[in-house]
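Asks: Mind looking over this structure? Questions follow.
There are 2 protein chains.
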Amino acid sequence: MIQSIDRAAKILGLLQGSRRMGITEMAAALDLPPSTVHGIVKSLQSHGLVAQQPSGNRYVLGPALLKLSSVYLDTLDVRARSMRWMHELSSRTGLASRLGVELFGEVIVIHHNRRPDGSEQMPETGVTIPSHASAMGKVLLAYDAAHAADVLSRPLIALTAETTTEPDRMREEFERIRQEALGFENEEAVIGEASVAAPICSDEGEVIAAIAVVLPATEWPPSDMVISDLREAARNVSRELGAPTWPRPIAAADPTDIQ
Amino acid sequence: MIQSIDRAAKILGLLQGSRRMGITEMAAALDLPPSTVHGIVKSLQSHGLVAQQPSGNRYVLGPALLKLSSVYLDTLDVRARSMRWMHELSSRTGLASRLGVELFGEVIVIHHNRRPDGSEQMPETGVTIPSHASAMGKVLLAYDAAHAADVLSRPLIALTAETTTEPDRMREEFERIRQEALGFENEEAVIGEASVAAPICSDEGEVIAAIAVVLPATEWPPSDMVISDLREAARNVSRELGAPTWPRPIAAADPTDIQ
DNA sequence: AAGGCGATTCGACAATGTCGAATCTAACAC
DNA sequence: GTGTTAGATTCGACATTGTCGAATCGCCTT
């Protein structure tokens, strides 16, 4: 591992968390001398990854990141193939839909279809949610033993009073997810919001993404029709990706109770 | 400048351009030994900035970039303040609208309002266009002498038969842009597409972004109503940002004819 | 005008990044 | 099934670079 690249990435991570920071502030956060941080920041700045605010004493993330992430999204075969099915899923169910992949114990939304009721909604692409508190995240954890072991090795944070935080209950939930190829979450991440998710399988049979519909907690549980449409969308996307089967066979699923 | 961070950024740039590349291919492109590239890529991968494809021999940009760019967009005060006015601009004119900032001789779209006709349109946030071939880009160049000098010091590339590529004509156009606080482009970037842009000023009176409406070339030139609405939106956003005046006084504009 | 704080610059030197050689892995041809 | 090829990956010697302390600069406050 190259230390200076590691440091540079940590600086990006700091600016991601705190939005605007000065050199001395970043140095304190990373326990490094200001001149060291200054050199790294100037290098990042020369590539547009970081920018200095006009007032001159604080730094922010830079526009080059937007271009890189635009290409990242374009690269995603799973996203390209999901968009049409998600559009249809939202049209049929009247609900918002999300596609997510794993990122360091969280699930990040790589595609979002708004609820088709004409109301004003925030675009969610780029939003992250802790995996343990999200239907998509639970699905991704259920089919990835190593990832689950890692996440469950640290205390699970409660985002609401409903968030499941006991590892044993999570493992039971993973077992059920693998049996039904469905993950559920009711007000575990956001009060008033629930979601149900299904796995997306690749041509190698691996679960590489999860697709979800989002519904108001007042409409919980999701109707049979919503669940049927969700499974249909997941199956269709997986098939387009060349998955041999959907859902992935239980025997092929790695159990998450490896200690 | 830190060489290893520079190299890491170049690797991200390669993957941005070529989408998927192997270690040996990147090494050839950068004129570096494969083991050097491998070390850098593994560092980037550990932070989610790069990912290895399941087949194992090619690399792509990683999901952490999406999260970073999501925060980048959230950080942008100019974007937050423009969204409502752009929504109104698109509603009143029936045209798509874009907000852009400068990135290495290009203009990158940081907010996009679709044309409100219900048709299916690609989201454009993250898209880049060479500044010289874009109304927004020309506006940004017109108010930034150093940037303009840099762009005009290299040959301008024609994207269509209509693209202006002569530096003297560009300078004349910049002069006119500063006088009218408006930039125009008809089929210079994309056949069939035209745009008109206005500058967005900061509280320090600097032009920090440009706002544009996009119209079909068949509707060229834009009507007086469209131009009026665009200026109104630009003035309103600038005012919200604390700009002392709009448009920025001509005397304060740095001439771009510095050789 | 002086003081304080943070950004920035500079250059000596220690630590790290580089990269050649070797090994590993997977795909392909026979 | 075996051998070949090409690319990924690992390892460690060593030269180059990144680090960082000291000094300076710039801006804001008093």
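Read top to bottom, the protein sequences are chains G and V.
All residue numbers for the first sequence refer to the UniProt record's numbering, where the first residue is 1 and numbers rise by one.
All residue numbers for the second sequence refer to the UniProt record's numbering, where the first residue is 1 and numbers rise by one.
Where is the CB? At the ideal position from N, CA and C, for every residue including glycine.
#1: Compare the C-beta of residue 88 of chain G against all C-beta atoms of chain V and say whether one is closer than 8 Å.
#2: Pairing CB atoms from the stretch 124–137 of chain G with CB atoms from the stretch 134–150 of chain V, are three or more of them under 8 Å?
#3: Applying the 10 Å Cβ sphere with the 16-neighbour rule, what's the burial state of residue 57 of chain V?
#4: Please classify residue 165 of chain G: does DSSP put it in a helix, a strand, or coil?
#5: Tell me the rounded alpha-carbon separation between residue 222 of chain V and residue 189 of chain G.
#6: Just mark residue 146 of chain V as buried or exposed, buried being the case when its beta carbon has 16 or more other beta carbons within 10 Å.
#7: Can you check which of these residues, V/244, V/250, V/246, V/228, is closest to residue 93 of chain V by C-alpha distance?
#8: When we look at the beta-carbon of residue 123 of chain V and count the other beta-carbons within 10 Å, is it buried (16 or more) or exposed?
#9: With three or more C-beta pairs closer than 8 Å as the rule, is the stretch 56–73 of chain G touching the stretch 64–73 of chain V?
#10: Any idea if residue 126 of chain G is buried or exposed, counting beta-carbon neighbours within 10 angstroms, 16 or more meaning buried?
#11: Can you list, in chain order, the residues of its chain whose CB lies under 6 Å from that of residue 23 of chain G, leaving out five sequence neighbours each side?
#12: Residue 149 of chain G: which of G/60, G/132, G/207, G/100 sits nearest, CA to CA?
#13: With a cut-off of 8 Å, do at least 3 Cβ pairs link the stretch 200–208 of chain G to the stretch 228–248 of chain G?
#14: With DSSP as the reference, label residue 260 of chain V as helix, strand or coil.
#15: Which word fits residue 128 of chain G, buried or exposed, when buried means at least 16 other C-beta atoms lie within 10 angstroms of its C-beta?
#16: Give the single residue among V/237, V/248, V/249 whose Cα lies nearest to the Cα of residue 86 of chain V.
#17: Could you check what DSSP says for residue 98 of chain G in three-state terms: helix, strand or coil?
#18: Pick helix, strand or coil for residue 245 of chain G, following the three-state DSSP scheme.
#19: Going along the stretch 62–87 of chain V in order, which residues come within less than 9 Å of chain G, judged by CB to CB distance?
#20: Under DSSP, the alpha helix (DSSP H) around residue 78 of chain G begins and ends at which residues?
#21: Can residue 143 of chain V and residue 248 of chain V be called in contact, C-beta distance under 8 Å?
#22: Kindly indicate which three-state DSSP category residue 52 of chain G falls into: helix, strand or coil?
#23: By Cβ distance below 7 Å, which residues in the same chain neighbour residue 79 of chain V in space, the five residues on each side in sequence not counted?
Replies: Answer, in terms of the structure:
#1: With its beta carbon at least 8 Å from every one in chain V, residue 88 of chain G lies outside the interface.
#2: Too few Cβ pairs lie closer than 8 Å, so no.
#3: Residue 57 of chain V counts as exposed, since fewer than 16 other C-beta atoms from the protein chains shown sit within 10 angstroms of its C-beta.
#4: Residue 165 of chain G carries a coil assignment under DSSP once its states are collapsed to helix, strand and coil.
#5: Using only the alpha carbons, I get a separation of about 47 Å.
#6: Residue environment analysis places residue 146 of chain V among the exposed positions, since fewer than 16 neighbouring C-beta atoms fall within 10 angstroms of its C-beta.
#7: Closest by alpha carbon: V/228.
#8: Residue 123 of chain V should be labelled exposed.
#9: Yes, they touch.
#10: In the assembly as shown, residue 126 of chain G is a buried residue. Its beta-carbon has 16 or more other beta-carbons within 10 Å.
#11: For residue 23 of chain G, same chain residues with a beta-carbon under 6 Å away, outside a window of 5 residues either side, are 34, 37, 38 in chain order.
#12: Answer by Cα proximity: G/132.
#13: Yes, the stretch 200–208 of chain G touches the stretch 228–248 of chain G.
#14: It is not possible to answer for residue 260 of chain V, since the shown part of chain V is limited to 1 through 259.
#15: Counting every other CB atom within 10 Å of its CB across the protein chains shown gives residue 128 of chain G a total of 16 or more, marking it as buried.
#16: Selected option, being the one with the closest Cα: V/237.
#17: Correct three-state label for residue 98 of chain G: strand.
#18: Annotated three-state conformation of residue 245 of chain G is coil, per DSSP.
#19: For the stretch 62–87 of chain V, the set of positions with a beta-carbon nearer than 9 Å to some beta-carbon of chain G reads 62, 63, 64, 65, 66, 67, 68, 69, 70, 71, 72, 73, 74, 75, 76, 87 in chain order.
#20: Looking at the DSSP string, the run of the alpha helix (DSSP H) that includes residue 78 of chain G is 77–93.
#21: By the CB criterion at 8 Å, residue 143 of chain V and residue 248 of chain V fall inside the cutoff.
#22: Shown here, residue 52 of chain G sits in a strand according to DSSP, grouped into three states.
#23: For residue 79 of chain V, where only same-chain residues beyond five positions count, the Cβ hits under 7 Å are 73, 99, 110, 111.
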